[in-house]
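Offset between the sequence shown (1-based) and the working numbering: plus 18.
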Amino acid sequence: MITFRQKGDFSKASRYLERLKEAAKLGVLDKYGREGVAALASATPTETGLTASSWTYEIERKGSSVSIVYKNSNINKGVPIAVILQYGHGTGTGGWVQGRDYINPAIQPVFDRIADEAWKEVTRI
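Structure below.
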């Protein structure tokens with residue numbers, strides 16, 4: 019007769035596998051972060067190119083949720099240039115420069131790909 023005995027549990031292995039799974043998810047978000055930055059940079063109106071080249075992203079974790087946050091670091095005299103290009107701004111002489119909606123059309127295809135991939139993952143089970 020053969021018998022097997024086991025002491026302990028698989029908690030360390032389970033934690034390791036969970037961390038691997040999380041890393042894989044963050045890799046997907048990293049891919050979409052880079053895609054979003056490229057889309058925003060190519061759609062940003064350019065005069066000097068500084069605003070277009072100032073897009074970055076961060077992956078933020080809060081509790082059980084993870085977000086991709088796109089940022090633009092081109093700020094002139096406290097004014098975020100990407101925002102005034104998007105929404106418009108007043109001039110020093112009392113005029114108004116109309117904004118141009120370039121952010122939403124540029125980033126929407128990236129959001130759509132994220133949603134499609136998430137849906138495939140959810141329905142795969």
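Just so you know, even glycine gets a beta-carbon here, dropped at the ideal spot from N, CA and C.
DSSP three-state assignment for Lys95, whether helix, strand or coil:
coil
Let me know if Asn122 comes out buried or exposed under the rule of 16 or more other beta-carbons within 10 Å of its beta-carbon.
exposed
Kindly confirm or deny that the stretch 108-120 and the stretch 84-97 touch, where touching means at least three C-beta pairs closer than 8 angstroms.
no
Are at least three pairs of beta-carbons, each pair with one atom in the stretch 64-82 and one in the stretch 124-141, less than 8 angstroms apart?
no
For Tyr105, which of helix, strand or coil comes out of DSSP?
helix
Pair within 8 angstroms by beta-carbon distance, Leu47 and Ile86:
yes
Do you know how far the Cα of Ile102 is from the Cα of Pro127?
23 angstroms
On the CB-based measure, 16 or more other CB atoms within 10 Å of its CB, does Ala124 come out buried or exposed?
buried
Does DSSP put Ile77 in a helix, a strand or coil?
strand
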